[in-house]
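To keep things clear, I will list the structure first and then write my remarks on it.
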Amino acid sequence: MLMQLTLGGLSQGMIYALVALSLTVVYRSTTVVNFGHGDFVMAGAFLSYVLVVLAGIAFLPAAALAMIAMFALGVLFNRGLIRPVKGGPHIGLALMCIAAGYLLRGIARMVWGREVLPMPPAFDMEPIFIGNLVITGDAVFIIGTVLVLLLVFFGLLALTDLGKMVQAVYQSPRGARLIGLNVERFDDFAWGVGAALGALGGILVAPVSLLHPDLGASFLIKGFAAMTLGGFGSLGGAVLGGVLLGIAEQYAGAYIDSALIEITAYLVIVLVLFIRPQGLFGRKAVVKV
Amino acid sequence: MSNMPTPRQQSLRTVLFWAVPAALLFLPLATNAYTQFIVNGMLISVLVTLGFSLVIGNLGQLAFANTAFFGIGAYASAILSAKLGIPWILTVPLAGAFGALGGFLASVAALRGIRSYYLAIITLAFGELMRWAYLHAKPLTGGTDGMPMPRETMFGISLSDDTLKFYIFLAVTVLLVKGTLNLMRSRFGRAVMAVRENEIATASLAIPTARVILATFAWSGLVVGCAGALFARHVGHVFPESFGMLQLIASFAMVLVGGLGSVLGAVLGAVLLTALPEYLRAFPGMEELFFGLIVAAVLVAMPRGLASLLRRLSPVFTERYYREGA
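Top line first, the protein sequences correspond to chains W and G. Using my numbering, read the first sequence as starting at 35 and increasing by one per residue. Using my numbering, read the second sequence as starting at -6 and increasing by one per residue.
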């Protein structure tokens, strides 16, 4: 039972980790919190639906195509809508993200209306039985994909020149500009990577859930909860927070009340911000006045 | 300031302020049942936008909880009148009190030093928690079926009469708009804007900034909570989805179109944007596209909103944050 719940939580948590990580990538390099990010996740899921079900492409190439398209959308969003309001107050940036989210949601709803779309299973595999533990193909697929992706992501960040430059931009955009880095280009890059990684969350979750235009909202909250738990702005914290949140949801649902699954994320946000606002690995989130 | 109104313009402004509601008294002569219903909806939007604008405009704090205050007000009114038999009109101030309590709870983290994005995320969580509560507190809220408002009469007229509702709504709206204007031109109102500009500098003037934030949220909750009670009577049935994501983007759009942190702007934005979407409702997704586009366009092209255009036209429209004639 405990193992089964942990496995279920782990595979959900991997998705939350992706969402939180993609939010953090954008936040760290541009200081913008993308309040429309949930709809990027939704858009990823819908794009993969279009490619798999309507265009008849196999799941893996469809996922890759959807991620590329979402990368482009992220860059486009930064150039077209974020840059014009960049100099203004921070609230304008947040509102712009919200507006973009609603635009995506409106488009999805215009096309699909009230329909709830099922995706064909992506990874047909006989479940593996280890004692009482049932490991489904989806769980293997989700956990495996995200693990590989995380290895690549953190590997690139720590070991390559490009990764070092990105870290430089994270630490001080002004300093990075002074040593000749094209910070605008990195912003584009961050938005693209953020959108693509968030979309991958949606793509991975699509085969195991039903698609509807409002599915992004809950992912946004879960992403925030994961970030808050792990420490707002910490890349590793976002991943760990996502995994812990996924597992916590399953435990709370099984041992306390199944209605709690929906609100575990909110409770995590509230509790963490009251008890330890900086989260597990974050910097101080608190102003002292 | 160069655009300070002259004494004559000041008295003109006072006349204008009271002329609008006075003229509106005769409005029911010119409307039919449908247009009257729309106008009533506008008055409610004015209050919702006003409450929202206080927090995101005057206080400069991004917040998502205002749809929650709206829902709290509506459910408080419905529950108090349906379950406890309290006359609806008395539930309006009570709904305001519940809304204020909601405002307090949504922002109480400010006392812990939580600000900006973190506070925004807490208010987002608070709003979603409330929606979860409407759905799951079935015996109290009716769950997805919502709650019908009981039939009631006032002065021998049924409260389903839109003209009667109009006069009540108008009175409540004028009272709360005037009250908010007065509050914003008091010492407290200036403290609110000082917190937006620079919290540390404000604190150094011995102003308890966290308490200012809490009080602003509470007042915003009060205004929006009252609007919720009006809304419950306006549509006659309280559903959880009335306080969802669409309501949120509509409020953002109204605040921005009118102008962040401007009472006049809140009124303008609400009036302009309440009627239009009625026609879009038939097409799924169009409302979201419409409001999303408006928010994006205003942010790029007119970040100070319509109120700023009017201010440029004449200093009569300048909002003051001080008492005149002192």
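Positions of the beta carbon are idealized from the N, C-alpha and C atoms, including for glycine.
To the nearest angstrom, how far is it from the Cα of residue i to the Cα of residue j?
| i | j | result |
| --- | --- | --- |
| W/S206 | W/A299 | 31 Å |
| W/H71 | G/A113 | 15 Å |
| G/L249 | G/N51 | 13 Å |
| W/L274 | W/F157 | 25 Å |
| G/N191 | W/G147 | 45 Å |
| G/N25 | G/T146 | 21 Å |
| W/L137 | W/P311 | 32 Å |
| W/V227 | W/S45 | 22 Å |
| W/A259 | G/L22 | 53 Å |
| G/A99 | G/G64 | 14 Å |
| G/G318 | G/V101 | Interpretation of G/G318 is limited by its pLDDT of 48, a score under 50 that renders its predicted location unreliable; no figure is taken from the coordinates. |
| G/I348 | G/G92 | Here chain G has residues from -6 to 319 only, and residue 348 of chain G is not among them. |
| G/A118 | G/A90 | 21 Å |
| W/I141 | G/A61 | 26 Å |
| G/V288 | G/N33 | 24 Å |
| W/D172 | G/V264 | 50 Å |
| G/N59 | W/G165 | 50 Å |
| W/V119 | G/G252 | 16 Å |
| G/F224 | W/G235 | 38 Å |
| W/D195 | W/E218 | 18 Å |
| G/M(-6) | G/T311 | Residue confidence for G/M(-6) is low, a pLDDT of 45 falling below 50, so the modelled location carries little weight and cannot support an answer. |
| W/K222 | W/A202 | Note that residue 222 of chain W is Asp in the sequence shown here, rather than Lys. For W/D222 and W/A202, the distance between alpha carbons rounds to 16 Å. |
| G/P308 | G/A300 | 11 Å |
| G/N111 | G/F210 | Note that residue 111 of chain G corresponds to Tyr in the displayed sequence, not to Asn. Spanning the two alpha carbons is a distance of roughly 15 Å. |
| G/S197 | G/A88 | 36 Å |
| G/P296 | W/A79 | 33 Å |
| G/E280 | W/L110 | 23 Å |
| G/V41 | W/E149 | 31 Å |
| G/G237 | G/A275 | 18 Å |
| W/L99 | G/I107 | 40 Å |
| G/I82 | G/I161 | 9 Å |
| G/G95 | G/A220 | 14 Å |
| G/A103 | W/F308 | 10 Å |
| W/G265 | W/T65 | 15 Å |
| G/A71 | G/L18 | 27 Å |
Anything in chain G within Cβ reach of residue i, meaning under 7 Å, just list it in chain order.
| i | result |
| --- | --- |
| W/L115 | A289 |
| W/R139 | E281 |
| W/E296 | W125 |
| W/Y136 | I242, E281, F284, G285 |
| W/V67 | Y110 |
What does residue i reach in chain G if we use C-beta pairs closer than 8 Å?
| i | result |
| --- | --- |
| W/G126 | L292, P296 |
| W/P207 | Neighbours of W/P207 on chain G: none; closest Cβ ~18 Å, over 8 Å. |
| W/P311 | R105, G106, I107, Y111 |
| W/T262 | Y111, I114 |
| W/G275 | Simply none; closest approach about 13 Å. |
| W/F220 | Those within 8 Å of W/F220 in chain G number zero; the least Cβ separation is about 21 Å. |
Kindly give me the distance between the Cβ atoms of residue i and residue j, rounded to whole angstroms, as I take these residues to be in contact under 8 Å.
| i | j | result |
| --- | --- | --- |
| G/L43 | G/V170 | 6 Å |
| W/A233 | W/M101 | 6 Å |
| W/A96 | W/L85 | 4 Å |
| W/L231 | W/S56 | 4 Å |
| G/L133 | G/P233 | Their Cβ separation, rounded to whole angstroms, is 12 Å, which puts G/L133 and G/P233 out of contact at 8 Å. |
| G/V205 | G/V231 | Not a contact, Cβ separation roughly 32 Å. |
| W/L263 | W/L279 | 6 Å |
| W/A272 | W/A134 | About 21 Å separates the two Cβ atoms, so there is no contact after all. |
What does DSSP give as the partner residue(s) for residue i in the beta ladder?
| i | result |
| --- | --- |
| G/T146 | G/S151 |
| W/I164 | W/L167 |
| W/L151 | W/L245 |
| G/P141 | G/H230 |
Kindly list, in the order they appear in chain G, the residues whose Cβ is closer than 9 Å to that of residue i.
| i | result |
| --- | --- |
| W/M144 | F276, P277, G278, M279, E281, L282 |
| W/P241 | Within 9 Å Cβ-Cβ: nothing; W/P241 doesn't reach chain G, min ~24 Å. |
| W/G122 | L292, P296 |
Could you name the residues of chain C that residue i contacts, counting a contact when the two beta carbons are closer than 8 Å?
| i | result |
| --- | --- |
| W/R62 | Given the protein chain composition of this structure (W and G), no chain C is represented. |
Note down, in chain order, every chain W residue with its Cβ under 7 Å from the Cβ of residue i.
| i | result |
| --- | --- |
| G/F91 | Those within 7 Å of G/F91 in chain W number zero; the least Cβ separation is about 20 Å. |
| G/A118 | I255, Y300, I303, V304 |
| G/F245 | L129, I132 |
| G/A259 | The premise fails here: G/A259 is roughly 16 Å from chain W at the closest Cβ pair, so nothing lies under 7 Å. |
| G/A102 | L307, F308 |
| G/G136 | By Cβ distance, chain W contributes nothing, its closest Cβ being about 12 Å from G/G136, past 7 Å. |
Which chain W residues are close to residue i, counting only those with a beta carbon under 8 Å from its beta carbon?
| i | result |
| --- | --- |
| G/H227 | Near G/H227 there are no residues of chain W at all, since even the closest Cβ is about 24 Å away, more than 8 Å. |
| G/I31 | Chain W residues near G/I31: none, gap ~23 Å exceeds 8 Å. |
Problem - Cβ contact (3+ pairs, closer than 8 Å) linking the region 171 to 185 of chain G and the region 207 to 223 of chain G - result: yes
Problem - Contact the region 127 to 141 of chain G vs the region 63 to 82 of chain G: 3+ CB pairs below 8 Å - result: yes
Exercise for the section: Mind the definition here: the region 288 to 298 of chain W touches the region -4 to 14 of chain G only if three or more C-beta pairs lie below 8 Å; say whether that holds. Expected result: no
Handout entry: Cβ contact (3+ pairs, closer than 8 Å) linking the region 105 to 122 of chain W and the region 238 to 245 of chain W
Key = no
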